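Working notes, beginning with the structure itself.
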Amino acid sequence: MKRSIFLLAVIAMTAISAARAGERWTDGPDAILVLGQPDFDTNDPVASQSGLNDPHEAVVDPNTGKVFVVDSNHNRILRFASFSALSDGALAEAVFGQTNFTNTSRSDAQDKIYNSRGLAMEDDGTLWVADYRNHRILRFDDASEKTDGENADGVLGQTDFGEDTAGLSQSATGFVIDVAVDADGNLFSASTANSRVLMWENAKSLAAGSNATKVFGQEDFTSNEDMTDQDGMWAPVGVAVDGEGNLYVTDQGNQRVLRFDNPSAKMNGDDADAVFGQADFTSGSPGSAPNRFNYPERGAVDSEGTFWLADSANNRILGFKNAASLSNDPDPDYVIGQPDFESYDRGLNASEMDAPFGLGFDSAGRMFVADAGNNRVTVFEKSRFQPDFTIGEKPGKQKGKNKYNRSGAGQKDSIVTDGKEVKFITKIQNDGNVIDSFFLKSAKTSSKIRVKVFRVTGGRANVTGAAKRGNHLTAPIGVGGTLKYELKGKPKGKFKEKRKTHKLWIQATSIVDGEIDKVQGLVKNRP
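Number 401 in this note's numbering belongs to position 399 of the sequence shown; there are no gaps in the numbering.
Here it is in structure tokens:
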């Protein structure tokens, strides 16, 4: 049994050797925060200062950290404080589309919205809103500074505020369901009814009702045919851009995502460069396999280039690393909302979802998921794996607390002896944010000094052999938990009579991430 655990741990470490040490996404994590509900077991759709009803997307202002959630069925957008100031069920600090937190009315006025679905945030704090049933895109400048019910500052898709025609032209949006903006200020919108994506160059500078610059999914601005091929679409519902400006379109009717590389350089109706979720550009069936989608919704790209997709009917979020370089039909690397790639049940708890519709990220890389079916936004973060070894002559006097390195620098203690055995008390603490186990490895016995290692916590045991080989596996340690070990050293033979300092050491390695922390014990022999 122990051998099996050891082999599994080695496989796990090898598989993630390329991951950044100390931090990585893991499958099926628990959320760390919930908005829209008081806890993870409630899903009531309440029109209040904290409640949500069918939220579709969440974005974060990179300057202020403030969180914006489109509360679709309440016809409003709620703005929350930055993550550090939030707690479960936190009150929103401002509302867009309503004059207070209990109204849910709708209209096409400059200060109103009607069943909005998508959001996009520019680096300068400009918020773009896909105002779905008003068939328009609203712009709110300096959105983090707005007060309740303020007017929008700009509109595309209509020639003026107060209009709500669903048209088919170079300027009309027609059931615009999502928006995205790249670093150059180019705005993209997805239109379900017109089966196309429009692009406006330098959108913030445009007057109301300005013409779009390009169209994807159709050959021109007056066509809206549903198609399943490399240059066509069928009811797209999501748009996202990465740091390189590549465009990702959730083509829901075709159960796929299309990637358009460098879209600003393309012509109207140009082919997509890659497809996710299908084997080729002419397939369009739903599925629940790891690399298949079932009514996918919106996506987002994080700062590391991973494309994340809300795979709605499979009740999960899928992550594709290095998405800009992937070829057709890639396998996902991560799954959030399910324990594995074979599960797709809906749930109401900290780790599961019910029809997620969209997601966004803050500057710290935390993921904000619009869990629409549960009327909430759940926040996830990467799992952190960090052993913290300390050492000292006594349990209450330890060196190396909250210091992490592979060399043991700054993490050492010394004991003076006259040829007798010395004992260092060592403690291994889990400073990560998930349960972890650690491989322990120690210095070996030499011709000068004999080394022994004993486990203390969980029953005293001599683990010297396994520790010297580097394959002693600790029991699982909870977040902040600690295990105690002893590291012993005794000068040998003629070295008992020699004035010499012997260096002992012991280190811990996370079985999941490979992160290492090391401490040193100096045996100062002074006969």
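Note that the Cβ used here is the ideal one computed from N, Cα and C, for glycine as well.
If you're wondering where the values come from, they're calculated on a predicted model, not measured in any experiment.
Residue i versus residue j - alpha carbon distance
| i | j | result |
| --- | --- | --- |
| T66 | G467 | 53 angstroms |
| G321 | W27 | 9 angstroms |
| T106 | I79 | 11 angstroms |
| S52 | P341 | 29 angstroms |
| E517 | L140 | 46 angstroms |
| A185 | D125 | 8 angstroms |
| K429 | A33 | 29 angstroms |
| W202 | K268 | 13 angstroms |
| I7 | G120 | A caution first: I7 carries a pLDDT of 35, below 50, which makes its placement in the model too unreliable to give a value. |
| V157 | D150 | 19 angstroms |
| L170 | Y250 | 22 angstroms |
| I479 | S439 | 6 angstroms |
| N535 | Q388 | Residue numbering for the chain in the displayed model covers 3 to 529; residue 535 lies beyond these limits and cannot be assessed. |
| G398 | F426 | 12 angstroms |
| M355 | K148 | 31 angstroms |
| E306 | N324 | 8 angstroms |
| E383 | V217 | 36 angstroms |
| A411 | D144 | 47 angstroms |
| T392 | K498 | 27 angstroms |
| I513 | A477 | 11 angstroms |
| V453 | K422 | 13 angstroms |
| S266 | D180 | 18 angstroms |
| L208 | K114 | 21 angstroms |
| T215 | G164 | 24 angstroms |
| A195 | T380 | 30 angstroms |
Same chain only: Cβ atoms within 6 angstroms of residue i, ignoring 5 sequence neighbours per side
| i | result |
| --- | --- |
| V525 | V424, G491 and H504 |
| Q431 | D390 and T484 |
| A315 | N296 and Y297 |
| S365 | P64 |
| A302 | A242, W310, L361 and G362 |
| A537 | Absent from the model: residue 537. The displayed extent of the chain is 3 to 529, so no value can be given. |
| R108 | N77 and Y116 |
| F42 | V36, N351 and A352 |
Identity of the residues DSSP links to residue i by a beta bridge
| i | result |
| --- | --- |
| R81 | F70 and A96 |
| S444 | I508 |
| D155 | Paired residues: none, contrary to the question. |
| M201 | F190 and K216 |
| L249 | V243 and F262 |
| Q522 | K414 and W507 |
| F278 | V259 |
| H474 | L442 |
| N464 | F456 |
| A312 | I319 |
| N432 | P389 |
| E25 | R386 |
Reference residue i, options the options, closest by Cα
| i | options | result |
| --- | --- | --- |
| S448 | L208, P493 and D438 | P493 |
| R462 | V453, K470, A469 and K486 | K486 |
| V259 | S207, A214, A326 and W202 | A326 |
| I508 | S409, R108 and S305 | S409 |
| R386 | V436, G394 and R81 | V436 |
| S84 | V465, T167 and V71 | V71 |
| G434 | A96, L189, E354 and D519 | D519 |
| K206 | A154, F177, N226 and Q254 | A154 |
| W130 | S191, N102 and K405 | S191 |
| G38 | A122, G30 and L88 | L88 |
| G240 | E395, L442, A132 and S512 | A132 |
| A60 | R471, P358 and K405 | P358 |
| T101 | P57, A352 and H76 | H76 |
| R378 | K414, D46 and D180 | D46 |
| K2 | P238, A96, I513 and G482 | In the structure as shown, the chain starts at 3 and stops at 529, and residue 2 therefore has no counterpart that could be examined. |
| H58 | D110, A122 and F42 | A122 |
| N317 | R300, S329 and L328 | R300 |
| G187 | G127, G219, A168 and S225 | G127 |
| A94 | A49, D110 and A111 | A49 |
7 angstroms CB neighbourhood of residue i in its chain, flanking five on each side removed
| i | result |
| --- | --- |
| T230 | W236, N256, T284 and G286 |
| D263 | N248 and D275 |
| T161 | A210 and G211 |
| S290 | N296, N316 and Y346 |
| D29 | Y336, V337, P341 and D342 |
Inter-residue CB distance, residue i and residue j (contact presumed, cutoff 8 angstroms)
| i | j | result |
| --- | --- | --- |
| P292 | P334 | 6 angstroms |
| T175 | S197 | Actually they do not touch by this definition, with Cβ atoms about 13 angstroms apart. |
| N117 | R135 | 4 angstroms |
| G91 | V36 | 7 angstroms |
| Q172 | F223 | 4 angstroms |
| R457 | V465 | 5 angstroms |
| D56 | A374 | 5 angstroms |
| D233 | D272 | 7 angstroms |
Cut-off 8 angstroms between Cβ atoms - residues of its own chain near residue i, not counting five sequence neighbours on either side
| i | result |
| --- | --- |
| R528 | V418, T419, D420 and R501 |
| G245 | A185, V303, S305 and G307 |
Residue-chain proximity (residue i, chain B), Cβ-Cβ < 9 angstroms
| i | result |
| --- | --- |
| V277 | Within the model displayed, chain B is absent; a lone protein chain is all it includes. |
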